[in-house]
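Trainee:
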Amino acid sequence: MNGNPLLEIEDLFTVYNTEIGVVKAINGISLQLREGMTLGLVGETGAGKTTTALSIMRLLPEKTGKVIKGAIKFEGKNLLDLDEFEMEKIRGKEISMIFQDPLSSLNPIMTVADQIEEVLMIHQSDKKKKSYNFLQNSQLFLRSNTKIERKTDEILELVGISSDRKREFPHQFSGGMKQRVSIAMALICNPKLIIADEPTTALDVTIQAQVIEIMEKLKQQLNTAMILITHDLGIVASICDEIAIMYAGEIIEFGTVEDIFDRNKKHHPYTQGLFDSIPRLDDDKPRLKPIRGLMPDPTDLPASCKFHPRCDFCMDICTKQNPLPLKEQMHMIRCHLYSGSKEL
Amino acid sequence: MSKKLYDGLESKEINRIKKKSQVQFVLSHLFKNRLAVAGILFLSIMIISSIAIGFLVDYKVIVKHDLRNKLLGVSARYWFGTDGFGRNLFYRIIYGARISLMIGFVSVAGSTVLGGTIGSIAGYYGGKLDIIIMRFIDIQMAIPSTLFAICIVSVLGTGITNLLLAIMIADIPQFALIFRSSVMSVKNSEFVEAARSNGCSTYRIIFRHILPNCMGPIIVQATLNLGGVILTAASLSFIGLGVMPPTPEWGVILTEGQEYMRDFPTLVIFPGLAIMLTVLACNFIGDGLRDALDPKLK
Amino acid sequence: MYKYILKRLLLMIPVLIGISFVIFLIMSFMPGNPARLLLGEKATPAAVEKLTEELGLNDPFFFRYYSYMKNVLQGNFGISYRTGMPVIYEIRARFPTTLKLAFFSIIIAIIVGIPIGILSAVKQYSFIDTLSTVLSMGFISVPPFWLGLLLIILFSLKLGWVPSYGSDSLKHFILPALTSSACSFATLLRMTRSTILEVIRQDYIKTAYAKGASKPRVIFIHTLRNALIPLITVIGINFGNMLGGSIITESVFGMSGLGNLLVLSIRSKDVPSVMASTLLLATLFGIVNLIVDLAYAFIDPRIKFHYR
Amino acid sequence: MNMRRFVFAVCLMLFLFSTAFSLQSVYATAKDNTLIIAHYGDTPNFDTHNNINDNGMRINTILYDPLVRMDNETYEIYPCIAESWSVSEDGTEYLFKIKKGVKFSDGTEMKLSDVVFSMQRGMESPKAVPSFARVIKAEGIGDDTLKLTLDGPYPEFLFALALPTAGIVSEKAVKDKGEDFSMDPVTTGPYMLVDWRIGERVLFKANPNYHMGEAPIKNVEYRVITDPNAAVISLEAGDIDAYVGVPPSSFKRINKSPTLELHTGLSFGFTFIQLNMARSPFDNPLVRQAIAHAIDKEEILYGIFEGDGEIVDTFALPTYLGFTDEVEKYPFDLEKSQQLIEEANLSEKTEISILLYTAKMSKLSQVLQDSLADIGIDVKINQVERSAFNDAKQRGDFDIICDGNTFTAPTVDESIYTVVRTGEYFNDNGYSNPDVDQWLDEARVTVNDNDRAELYKKVLVQLSKDLPMIPITWNKANIATNKNLLGVTANPWSFYNVYDFYWQE
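Chains as they are written, first to last, in the working numbering: chain F, 1 to 344; chain S, 1001 to 1298; chain L, 2001 to 2308; chain U, 3001 to 3505.
(1) If we define contact as Cβ-Cβ less than 8 Å, is D101/F a contact residue for chain L?
(2) From the DSSP secondary-structure annotation, give me the bridge partner or partners of V3135/U.
(3) Which value, in whole angstroms, describes the spacing of the CA atoms of N4/F and L79/F?
(4) Can you give me, in chain order, the residues of the segment 1243-1258 of chain S that have a beta carbon less than 7 Å from any beta carbon in chain L?
(5) Alpha carbon to alpha carbon, how far is K128/F from K217/F?
(6) Tell me which residues share the same chain as C314/F and place their Cβ nearer than 7 Å to its Cβ, disregarding the 5 neighbours each side in the sequence.
(7) Just curious, the beta strand (DSSP E) that F3315/U is in, first and last residue?
(8) Does the pairing of the segment 3459-3478 of chain U with the segment 3415-3422 of chain U give three or more beta-carbon distances under 8 Å?
(9) Considering only the alpha carbon of each residue, which of N3033/U, Y3075/U, V3459/U, R3444/U lies closest to G3265/U?
(10) Compare the C-beta of E3299/U with all C-beta atoms of chain S and state if any pair is closer than 8 Å.
(11) In terms of alpha-carbon separation, which member of F3046/U, T3314/U, E3442/U lies closest to V3169/U?
(12) Looking at chain S, is there any beta carbon in it that lies within less than 8 Å of the beta carbon of I2140/L?
(13) Please report whether the beta-carbon of H331/F lies at a distance below 8 Å from any beta-carbon of chain L.
(14) For V1183/S, count neighbouring Cβ atoms within 10 angstroms of its own Cβ and tell me buried if that reaches 16, exposed if not.
(15) Assuming N3491/U and L3262/U form a contact by the criterion Cβ under 8 Å, report the distance between their Cβ atoms to the nearest whole angstrom.
(16) Could one say the Cβ of F2029/L lies closer than 8 Å to chain S's Cβ atoms, at least one of them?
(17) Quick one: is R1098/S near chain L, going by C-beta distance under 8 Å?
(18) Considering only C-alpha positions, which residue in the set A3409/U, K3458/U, N3382/U, D3413/U is nearest to D3403/U?
(19) Could you tell me whether the Cβ atoms of V2274/L and M2027/L are closer together than 8 Å?
(20) Could you compute how far the alpha carbon of G1104/S sits from the alpha carbon of G1110/S?
(21) State the CB to CB distance for the pair I2111/L and L2279/L, rounded to an integer number of angstroms; the pair is presumed to be in contact (CB under 8 Å).
(22) Would you say S2251/L reaches chain S, if we count a Cβ-Cβ gap shorter than 8 Å as a contact?
(23) Please state whether the Cβ-Cβ distance between I3098/U and A3082/U is less than 8 Å.
(24) Quick one, are the C-beta atoms of Y1260/S and S3494/U less than 8 Å apart?
(25) Please go through the same chain and pick out, in chain order, the residues whose beta-carbon is closer than 7 Å to the beta-carbon of V1268/S, but skip the five residues on each side of it.
(26) Across which residues does DSSP place T3481/U in a beta bridge pair?
(27) Just to confirm, are T52/F and I90/F a CB contact at a threshold of 8 Å?
(28) Taking a Cβ distance cut-off of 9 Å, strictly less, list which residues of the segment 171-191 of chain F are near chain L, in chain order.
(29) What's the call for M3212/U, buried or exposed, on a 16-neighbour Cβ count within 10 Å?
(30) Could you check the C-alpha separation between F169/F and D114/F for me, to the nearest Å?
(31) What's the gap between the Cα of T3406/U and the Cα of F3270/U?
(32) If contacts are defined as beta-carbon pairs under 8 Å, then G175/F and I155/F qualify, I think. What distance do you get, rounded to the angstrom?
(33) Note down, one range per segment and in chain order, each alpha helix (DSSP H) of at least 4 residues found wholly within the segment 1099-1151 of chain S.
(34) Would you say S3464/U faces chain B, with C-beta separation under 8 Å as the test?
(35) Can you list, in chain order, the residues of its chain whose CB lies under 6 Å from that of A1227/S, leaving out five sequence neighbours each side?
(36) To the nearest angstrom, how far is the alpha carbon of S2180/L from that of L1067/S?
And the structure:
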């Protein structure tokens, strides 16, 4: 157990108010992340992983997305209580984020260097001024800041991009390179926490490995905590310390890598299903076993266990009552299967 | 699965069901749009009242001068007052809706059909034919359409029919372009390939497969153009190159009123309002249709 | 890049030739004898016949077109049938008015349309947004000549703030510029709103927020510049429309511009004037389109590559 | 980097904007003592012999001096460049004594040769027809006499010479300047050209060498205001001092205004309806009479012309030589009209249309259309452009024409000869009456006024019976001015000699 808690999420509820109805994206999740640790957030599309990330960053779509309950404490401060101006100082500097699709997450009409330097410039001027003057820190006026340029070159070298190319535009880079730029952008201010939202999904498998490697390396070097959102269990296994498995806006299982990947331990049926749907060489089962059915409609979630319509072990109680979390040290499961026993 | 569902149904029947549901979908979206509903309501009122006035009031009353009663203000008998000839402005404006809307509908329909034919041919056959047609369209697009319409009217002479023709011709390229790009985008899609491999004739492919699939943008464009055409018609009449007095066309009423504008501004304000509200209604409907047909654009 | 500009300019030539042909053809169907127009109604038939022969009006159509184009290529746009003076005199005098009017209008449209569009996009679904949507729809639907008349009634007749007529001082341009900017302001507003909404949804805007950029910074540095690309097209198209729309605006406000000249010339079958002003407008239109395309290259680095 | 490019793009655009504005600098006019007269259009050039544009002729009136000028109210011809004149017995030879010591605007002396040259130049120019149509020879006699020979007697000749198409030019300047002369003329007129902004304004200053003394108003600006309603607004606002041809709908407003004055007078022209006698049903005199009875001239004059004009029953005013009140009159009487139509027994219903080109005639035709509908004739209104109108008229391709005319001199010959004489150029409606032809021709060669008057009377009476055209109103000319501008009277041609104007002290 190294370090103090960096990020604590307590009983978070997030909803989207859409035309179709109220989408309950996150339904009471609690998490803890300590300094330097890596948390893997695993789940299907629509499980609320990205919403969790956006809730932390407070970047939920302005009109629709809303945190209705709970707290997100970063270094003891509740992020939800901060005003927009204070939040801006945290974004990019204390907490930064890497997005899923490097093709679209870089501004097509700014050079790579401009985009990386922008982070530095925004946060450099933070200290000096409180004013909202946005033009003051645009590139026009801070062009020849050698310190910033040096730092940019450094970070680009670090992610493996030659600094000669920094005046090029995103469309001149390949997908993997772009993701490296995103990583550089996320890391340039030495943030305490990085949220990586499926950073490798859009990339080729070979490139994926490279990117993961770089992230791993940098994390070690900079001792940054990270939340890695993915549905790729392989990646989780290789770099995460702890894993949270999400389903329909709830964390249904949490534990260290060892807890989750130990097939002999008890698992939530959904986790079980996830593992069963990955091909394994050491298994002699002839076929994959997919989880049947689809995610429930997020506007109309069952009040009881969200997974019960798809669960092979569904019992009477599952249709009536939402299970409470059961804990064994770090390992946590929410399932009626195990609710008979006090412990796992 | 779908085969099972539709088993026993004629293919026509299937089409009907599919079409109906699509139309229903679009309509239900359209009716949710308050502005579009307002537009539809206004336009319906205009159409109904302009038809009704033909039965209630003799056309002669609408165009006949009554110089003793000229330039009267708003009263119970003359809701909008009378014009420089002593004619009832309210009747004229309501009757004017007939002419403006008629010009609008007919000329939009005409340019849709003509532009559609040209554009579909260009888009479907491609190659040299396409290049030649496109050059012609380029040329016409480079001439401001008002100017083009003015030229045509001055050759053909004034009058409703000629005005209508002029506007129709000037609008053809727009529709040709839309049809062309729609046809080109649909032409290479898989279901057309499939139809072709099933041995459908070109005619059948264009009319049964391609055109129904690019109707959306065309309907939207046509509705939006309806407003534009009404505006152009009024503009041309306003500068004396369109419908001729005493026909109660809105642009004509405006020009006639312009002379008295200083002392009797209502003679200018009312016909202008009629034009604006009608065009606005068309634009609201067009916008609503666009949103309904393509919700992601919203 | 210069090569590209040259290529585009060369491509304009066939279009211009096509336009000249179409207009010449249409004008040749117009009733009326130019020689009689030139000489006036009291002229003797013999004099009219003589001039008709001199002007080559009895020649076959293609021959007339050929000789007209030959003269144009030598820089000779002919003698106006209406005034009896070289066409170029009048065009030279009138062109700046039209150009000024178009520039003023587009500037007004940009200054008013884009900021309101941004505001309306940023505050989507707010009261301001609804108001500006309805207003812009209204401005698109308003007949320009009517708007002009209303402005005259209000600002010149009732309030007496600005002159209603003429084109000699900047003051005279206020109402016409407002009138002809109404439609383009509205389209620009709507376009700004929708492109900004489109751009705001892009991932790189989320990235920018994640970097800690403030909202104004995100809007002005990241969103606006990306949204500018489609907006420039709209501005270009509107500029072209304004040149065409000047026909109406100028006749409402009695400005001595090209539009007014065109109406006058068409009405008096003044073929050389109509031809020259149409060609000028079309050329200008082409150049504006070229400038729009070049402006793309300045703003969007992705496009520049095609020029090389 | 790309920001710099963006800035560059913005600069480029700003540059383009600025060039657009610098193309033409806005210049201010000296308002003090400058008389600003507005007209509905611009002049094409400043060449007296090559300009028959209304507005051009208005300008050439003050730029050039003709041999003689005409008084606005009495129509009396008074001397200008010609001090005195005499006419030969047969009326074909005119001798003019040319004034001495007249100077051109460039300071050079005017010689007899310049006058002779001007006459010859006018004779050659197809556009100077209104003045020189009948002149066959111009020569100088001695050192101060000009002799003009005509192709026949022409009592209205002095009026023709008073038109601005017969100005005196400097021979040397015409020969030196060539085509540029029409832009930069050298003249003897009371004013000199200073500046011209095409389509907007022309500036003049008084000619200091003017032979009748320098004009009291030193600076004059002719401004173009195409919309007469806008012109009235400018008048009221004091932006302009005078406007020629105010629309009748503004008469009330101007008469009420404490600062403005309206001057009106009868012009040389009338409004009429012409029926195409070559076509059915107008070949039937009963139908023509029926139509004449269906026209309510009073309603037209007061209802739509706002009282601008005078109702007439024939083609002459009482002051004209040969005027008679014994013409056939057709009072407004729909019953009579209907009766005549029934009598005419129209077999088939033909499509009848009214051809016209001006807004004024459009109003007239709408009233006419309603009246004809009352007697059972449905007509269509066909408003076209002027060139198309002339074209159709010449080809005889019309049923009814609503039009107005203008002529040079106050005589019956001027008002109708070219319109009703068989074979004449403006006789487009197929009217032909050998008697009328004979009387008209005879009148032309008759020098004795009484005999001429008798002939004209016969013509007018016959025309009122034949009804090839129906006179409606006699037109009026008007000019609205600032009350401080004195010396203004309405000119029947609407050509104003600003030399007569002066400011109230």
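Glycine included, C-beta positions come from ideal geometry on N, C-alpha and C. Values in this document were obtained by computation on a predicted structure and should not be read as measured data.
Mentor: On the basis of the coordinates in this document:
(1) Yes, contact with chain L.
(2) L3150/U
(3) Using only the alpha carbons, I get a separation of about 17 Å.
(4) When CB distances to chain L are screened at a threshold of 7 Å, the residues of the segment 1243-1258 of chain S falling below it are L1254, Q1258, in chain order.
(5) Residue placement at K128/F cannot be trusted, given a pLDDT of 48 that sits under 50; what the coordinates show is reported in the next sentence. Rounded to whole angstroms, K128/F to K217/F spans 33 Å at the Cα level.
(6) H308
(7) Run containing F3315/U: none; DSSP gives neither H nor E here.
(8) yes
(9) Y3075/U
(10) yes
(11) F3046/U
(12) Judged by the 8 Å Cβ criterion, I2140/L is in contact with chain S.
(13) no
(14) buried
(15) Going by Cβ atoms, the distance from N3491/U to L3262/U rounds to 14 Å, so no, they are not a contact pair.
(16) yes
(17) no
(18) N3382/U
(19) yes
(20) 10 Å
(21) That belief does not hold up - the Cβ atoms of I2111/L and L2279/L are roughly 31 Å apart, past 8 Å.
(22) yes
(23) yes
(24) no
(25) Excluding residues within five positions, the ones whose Cβ falls inside 7 Å are L1254, G1257, Q1258, M1261.
(26) A3242/U, E3261/U
(27) no
(28) Of all residues in the segment 171-191 of chain F, the ones placed with a Cβ closer than 9 Å to any Cβ belonging to chain L are H171, Q172, S182, M185, A186, C189, in chain order.
(29) exposed
(30) 10 Å
(31) 7 Å
(32) Their Cβ separation, rounded to whole angstroms, is 19 Å, which puts G175/F and I155/F out of contact at 8 Å.
(33) The segment 1099-1151 of chain S contains, as complete alpha helix (DSSP H) runs of 4+ residues, the segments 1127-1142 (chain order).
(34) In the structure shown, chain B does not exist; the protein chains are F, S, L and U.
(35) In the sequence as displayed, the identity of residue 1227/S is Gly instead of Ala. So the qualifying residues of the chain are V1279, C1282, N1283.
(36) 36 Å
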